[in-house]
Amino acid sequence: MGFWQLHRGSPLAWCLLIVAFTFCVYLATFGNGFVLYDDTTLITQNWAMQIFSVSTVLHVFTSYDPELYDPLTLFMYQVIHLLFGFQPAAFHAVSLLLHLANALLIGWITWQLFERKWITILCVALFALHPLQSEAVLWAAALKDVLSSFFFLLSLGLYLLWRRHMHASSYIWSIICFALGLFAKVSVVPLPFVLLLVDHVQGRRLTRETWIEKWPYFALAFAFVLIALGGKSGGLAQLGLASLFLLGIKSVAFYLLHLVWPLHFSVVYPQPTAITIASPEFWLPLCVFLILIAISIFMWKRRPLVSISIAFYLLMLVPSFASAYKNGFVLFASDRYAYLAVIGAFLLIAFLIDRLTARVPRASIPVGIICIALLLALSAQTLIQTNVWKNTATLFRHADMLYPDSALAQNNLGAAETDTGAALADYRKAIELDPSYLLPYQNIAHIDVSQGNFADMKAISESGVTMFNRKTVIGNDDLSFLFSYAEYLDEQGQSDRALALFKDAVAKAPDSAEAHFNLGLKEEKYGNTDAALADYETAASIGSDDPRLYYRLASLASSKGLLQEAVNALRQTLTIDPSYPNAASHLADIEQLQRQQSP
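Under my numbering, the sequence shown is numbered contiguously, ending at residue 1517.
#1: Would you kindly check if the distance between the Cβ of residue 1170 and the Cβ of residue 1224 is under 8 Å?
#2: Expressed to the nearest angstrom, what Euclidean distance is found between the alpha-carbon atoms of residue 1350 and residue 1503?
#3: Straight-line CA distance for residue 1158 to residue 1256?
#4: For residue 1203, which of helix, strand or coil comes out of DSSP?
#5: Shortest alpha-carbon distance to residue 1358 belongs to which of 1383, 1369, 1061?
#6: What would DSSP say about residue 1249, mapped onto helix, strand or coil?
#7: So, at 6 Å on beta carbons, what are the nonlocal neighbours of residue 1506 in its own chain, with the 5 sequence-adjacent residues on each side left out?
#8: Assuming residue 1175 and residue 1193 form a contact by the criterion Cβ under 8 Å, report the distance between their Cβ atoms to the nearest whole angstrom.
#9: Considering only C-alpha positions, which residue in the set 1105, 1160, 1116 is nearest to residue 1235?
#10: Which residue from 1428, 1495, 1514 puts its Cα closest to that of residue 967?
#11: Grouping DSSP H, G and I as helix and E and B as strand, with all else coil, what is residue 982?
#12: Please report how far the alpha carbon of residue 1508 lies from the alpha carbon of residue 1433, in whole angstroms.
#13: Along the chain, where does the alpha helix (DSSP H) containing residue 1195 start, and where does it finish?
#14: With DSSP as the reference, label residue 1243 as helix, strand or coil.
#15: In chain order, which alpha helix (DSSP H) runs of at least 4 residues are fully inside the stretch 1333 to 1387?
#16: Could you tell me if residue 1182 is buried or exposed, where buried requires 16 or more neighbouring beta carbons within 10 angstroms of its beta carbon?
#17: Kindly list the residues whose CB is nearer than 8 Å to the CB of residue 1323, restricted to its own chain and excluding five residues on each side of it in sequence; keep chain order.
#18: Hey, out of 1423, 1489, 1480, whose CA is closest to residue 1515's CA?
#19: Just verifying my parser: in three-state terms, what is the DSSP assignment at residue 1188?
#20: Just to confirm my understanding: we take residue 1458, look at its own chain, exclude 5 residues before and 5 after, and list those with CB closer than 8 Å. What are they?
#21: As a quick exercise: from 1418, 1303, 1378, 1424, pick the residue whose alpha carbon is nearest that of residue 1391.
#22: My output table needs one value for residue 988: the three-state DSSP class, helix, strand or coil.
#23: Over what stretch of residues does the alpha helix (DSSP H) that includes residue 1262 continue unbroken?
#24: Would you tell me roughly how many angstroms separate the C-alpha atoms of residue 1004 and residue 998, rounded to the nearest one?
#25: For the stretch 1069 to 1080 against the stretch 1282 to 1297, are there 3 or more C-beta pairs whose distance is under 8 Å?
#26: Tell me the start and end of each unbroken alpha helix (DSSP H) in the stretch 1417 to 1477 that is at least 4 residues and wholly inside, in chain order.
#27: For residue 1138 and residue 1098, which I take to be in contact (beta-carbon distance under 8 Å), what is that distance rounded to the nearest angstrom?
#28: Secondary structure at residue 1179, three-state DSSP: helix, strand or coil?
#29: May I ask you to report which of helix, strand or coil DSSP gives residue 1498?
#30: How about the stretch 1300 to 1309 and the stretch 937 to 951: do they share at least three Cβ pairs that are nearer than 8 Å?
#31: Thinking just about the alpha-carbon of each residue, which of 1093, 1074, 1067 is nearest to the one in residue 1103?
#32: Touch check for the stretch 1058 to 1072 and the stretch 1013 to 1030: three-plus C-beta pairs under 8 Å?
#33: If I measure Cβ to Cβ from residue 932 and keep anything under 7 Å in the same chain, skipping five residues before and after, which residues do I get?
#34: Taking DSSP as the reference, what is the three-state secondary structure of residue 1482?
#35: My understanding is that residue 1010 touches residue 950, with C-beta atoms under 8 Å, so please give their C-beta distance in whole angstroms.
#36: Could you give the C-beta distance for residue 921 and residue 930, rounded to a whole number, given that I count them as a contact under 8 Å?
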């Protein structure tokens, strides 16, 4: 009986019923909004999402976001915005539909592998309804996770289809889908190893032919790993391999705990203590990690399904080990990172239940009733999560309840508070928890300015500057604070102090194109055109997506007779934004001047 044969009692009929029920569970997501946590950076305040053109599409395929290389996801955002604007429901709908499609793909894959109803139906139900999966579905910024998973699962399913029928088209499309998955998010990079695991469970031996047929997958994986390292070098540089590994194995145990005890989900899981093997909090996760590896090795020939279930779970979590460092904060886990990995755990659970009902047929009915009851309980918790993700306030109020010592949660909660007094309290608590976190200083300063408390604004800002000067690692939030305060001082006529702060930004973050550009703007304003041109050139050499930079560079270069440099800068301006005011006409004028000067 084929999986796609739809009739009463078929696995497809059950899977479609589960998918329909899952849609109802997630129905409230259509009323949810965007949240002030990556949704703004990646979607609503991302200029490349607001303009759909050849140049903006090329831009997303040639840049990071800023850490990840996920151009297909950004392209999907562009298409959704083109069709529906910044309507949150449209973005949530795409994520939910992809999640439902992923559930059906899991049914197709497990049926091809085992042709066992219990395994297929339980894997689909657990994947679709478990609340651990909800973050990837409910967070618009996590579209990359469900989209890359869709192509990962489609690639795996097509590979199995090719192995069964040996149609070359299935093999080719499997490779194409893997490439698309990597373009959506590089976290699906372990697929070639997963294919080897699948070969093992099907009884195939490792031969020269086996490796040859996998080389396109490995080549793609290797290429995208190199690309990904360019955006994720920050975590490695700040934490080191040992710390990333310890946080990774902690997340391995943490996700397993959330699988069996699905409560207390949070958008942030801060790591406030020292990351060292001497700390007892890492001993149990390390034991769990080693036990899982030992079981997988021991069961490699005895029970291949048990072995590959564990290996799949561990393999699919490895890419997330490099994601512990985010905007200056160390987070030991994020639910969306486990979206694909937990399929291994679900497969093992389904296999054990299938074995039980096969050996004790009389247990089928009570086991089925228990499974339905547990799935309903999981669905209820998932429904709660849809309400948690309703908006920024509900999301971070929940996070603050679970992790009251998180400065990140406190600051974001403050940003969502409509009561100024409550927001100020949140920001002050964030500073108390982490005095080096500069974004709440900026937020308090904005409130002080809006209330006319200029003395208080200057006091909190100067405190922030003191912390800025003490920091050795400078992030985007730190620069944002310093630029905001420097601009305020410039508006108040304190040009020397403002210029000094912009120079401090360049000194602390010499690799920041934004720091050099902002310094250049002030140097040009104060008449230091040579210094401004040098700053613009440095910013351009580092790389920037800001068309203003290249337009200002062109303006200064042309005023100094550097016509070709001006032409190059204007072309870059138009590449980023084809409608940038006056850029096209200025380019035409300079090119005409070049022709007139040619001998």
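Note that CB positions come from ideal geometry on N, CA and C, so glycine has one too. These figures come from a predicted structure and were not determined experimentally.
According to the structure data:
#1: Taking the sequence shown and counting its residues from 1, the one referred to as residue 1224 is at position 306. Taking the sequence shown and counting its residues from 1, the one referred to as residue 1170 is at position 252. Residue 1170 is positioned such that its CB atom lies no closer than 8 Å to that of residue 1224.
#2: Taking the sequence shown and counting its residues from 1, one reaches residue 1350 at position 432. Taking the sequence shown and counting its residues from 1, one reaches residue 1503 at position 585. So the alpha carbons of these two residues sit roughly 52 Å apart.
#3: Start at 1 with the first residue of the sequence shown, and residue 1158 comes out as number 240. Start at 1 with the first residue of the sequence shown, and residue 1256 comes out as number 338. Straight-line Cα distance between these residues: approximately 22 Å.
#4: Within the sequence shown, numbered from 1, the residue matching residue 1203 stands at position 285. DSSP places residue 1203 in the helix class (H, G or I) of the three-state scheme.
#5: The residue given as residue 1358 occupies position 440 in the sequence shown. The shortest Cα separation from residue 1358 among 1383, 1369, 1061 belongs to 1383.
#6: Translated into positions along the sequence shown, residue 1249 becomes position 331. Strand.
#7: Translated into the one-based positions of the sequence shown, residue 1506 becomes position 588. Result list for residue 1506: empty, nothing under 6 Å.
#8: Along the sequence shown, read from residue 1 onward, the residue named residue 1175 stands at position 257. Along the sequence shown, read from residue 1 onward, the residue named residue 1193 stands at position 275. Contact annotation, residue 1175 with residue 1193: C-beta distance approximately 19 Å; criterion of less than 8 Å not satisfied.
#9: Here residue 1235 corresponds to residue number 317 of the sequence shown, with the count starting at 1. With distances taken between Cα atoms, residue 1235 lies closest to 1105.
#10: Along the sequence shown, read from residue 1 onward, the residue named residue 967 stands at position 49. The residue with the shortest Cα to Cα distance from residue 967 is 1495.
#11: Here residue 982 corresponds to residue number 64 of the sequence shown, with the count starting at 1. Note: residue 982 maps to coil in three-state DSSP.
#12: In the sequence shown, residue 1508 corresponds to position 590, counting from 1. In the sequence shown, residue 1433 corresponds to position 515, counting from 1. Straight-line Cα distance between these residues: approximately 28 Å.
#13: As a first step, residue 1195 is located in the sequence shown; it is residue number 277 there, counting from the start. That residue, residue 1195, is in no alpha helix (DSSP H); it is neither H nor E in DSSP.
#14: For the purposes of this step, residue 1243 is taken as residue 325 along the sequence shown, with counting starting at 1. Of the three classes helix, strand and coil, the one that applies to residue 1243 here is strand, per DSSP.
#15: The qualifying runs are 1338 to 1351, 1357 to 1368.
#16: By one-based count along the sequence shown, residue 1182 stands at place 264. With a 10 Å radius around the Cβ and a threshold of 16 neighbouring Cβ atoms, residue 1182 comes out exposed.
#17: Here residue 1323 is taken as the residue at index 405 of the sequence shown, counted from 1. Cβ neighbours of residue 1323 beyond the five flanking positions: 1188, 1190, 1351.
#18: Along the sequence shown, read from residue 1 onward, the residue named residue 1515 stands at position 597. It is 1480 whose Cα lies nearest to the Cα of residue 1515.
#19: Position 270 of the sequence shown, counted from the first residue, corresponds to residue 1188. Assigned with DSSP and collapsed to three states, residue 1188 falls in strand.
#20: Looking up residue 1458 in the sequence shown gives position 540. Cβ neighbours of residue 1458 beyond the five flanking positions: 1431, 1467, 1468, 1471, 1487, 1490.
#21: For this step, residue 1391 is matched to residue 473 along the sequence shown. Answer by Cα proximity: 1424.
#22: Within the sequence shown, residue 988 is the residue found at index 70, counting from 1. Coil.
#23: Counting from one through the sequence shown, the residue named residue 1262 turns up at place 344. Counting along the chain, the alpha helix (DSSP H) containing residue 1262 begins and ends at 1260 to 1277.
#24: Your numbering for residue 1004 matches position 86 in the sequence shown. Your numbering for residue 998 matches position 80 in the sequence shown. Cα to Cα, the separation comes out at about 8 Å.
#25: Contact check between the stretch 1069 to 1080 and the stretch 1282 to 1297: fewer than three CB pairs, one atom from each, fall below 8 Å, which does not count as touching.
#26: With a minimum length of 4 residues, the continuous alpha helix (DSSP H) runs that stay inside the stretch 1417 to 1477 are 1431 to 1443, 1447 to 1460, 1465 to 1477.
#27: In the sequence shown, counting from the first residue as 1, residue 1138 sits at position 220. In the sequence shown, counting from the first residue as 1, residue 1098 sits at position 180. Contact check for residue 1138 and residue 1098: beta-carbon distance about 10 Å, past the 8 Å limit, so the pair fails to qualify.
#28: Taking the first residue of the sequence shown as 1, we reach residue 1179 at position 261. Residue 1179 carries a coil assignment under DSSP once its states are collapsed to helix, strand and coil.
#29: Within the sequence shown, numbered from 1, the residue matching residue 1498 stands at position 580. The answer is coil: DSSP assigns residue 1498 none of H, G, I, E or B.
#30: Proximity of the stretch 1300 to 1309 to the stretch 937 to 951 meets the contact definition, three or more beta-carbon pairs being nearer than 8 Å.
#31: Within the sequence shown, numbered from 1, the residue matching residue 1103 stands at position 185. For residue 1103, the nearest C-alpha among the options comes from 1067.
#32: Short answer: they touch.
#33: Within the sequence shown, the letter at position 14 stands for residue 932. Take residue 932, set aside five residues on each side of it, and the residues of its chain with a beta-carbon closer than 7 Å to its own are 1039, in chain order.
#34: Residue 1482 sits at position 564 when you count from the first residue of the sequence shown. In the structure shown, the three-state DSSP call for residue 1482 is helix.
#35: Counted from its first residue, the sequence shown places residue 1010 at position 92. Counted from its first residue, the sequence shown places residue 950 at position 32. Here residue 1010 really is in contact with residue 950; their C-beta atoms are around 6 Å apart, less than 8 Å.
#36: For the purposes of this step, residue 921 is taken as residue 3 along the sequence shown, with counting starting at 1. For the purposes of this step, residue 930 is taken as residue 12 along the sequence shown, with counting starting at 1. About 6 Å separates the CB atoms of residue 921 and residue 930; that is less than 8 Å, so the two are in contact.
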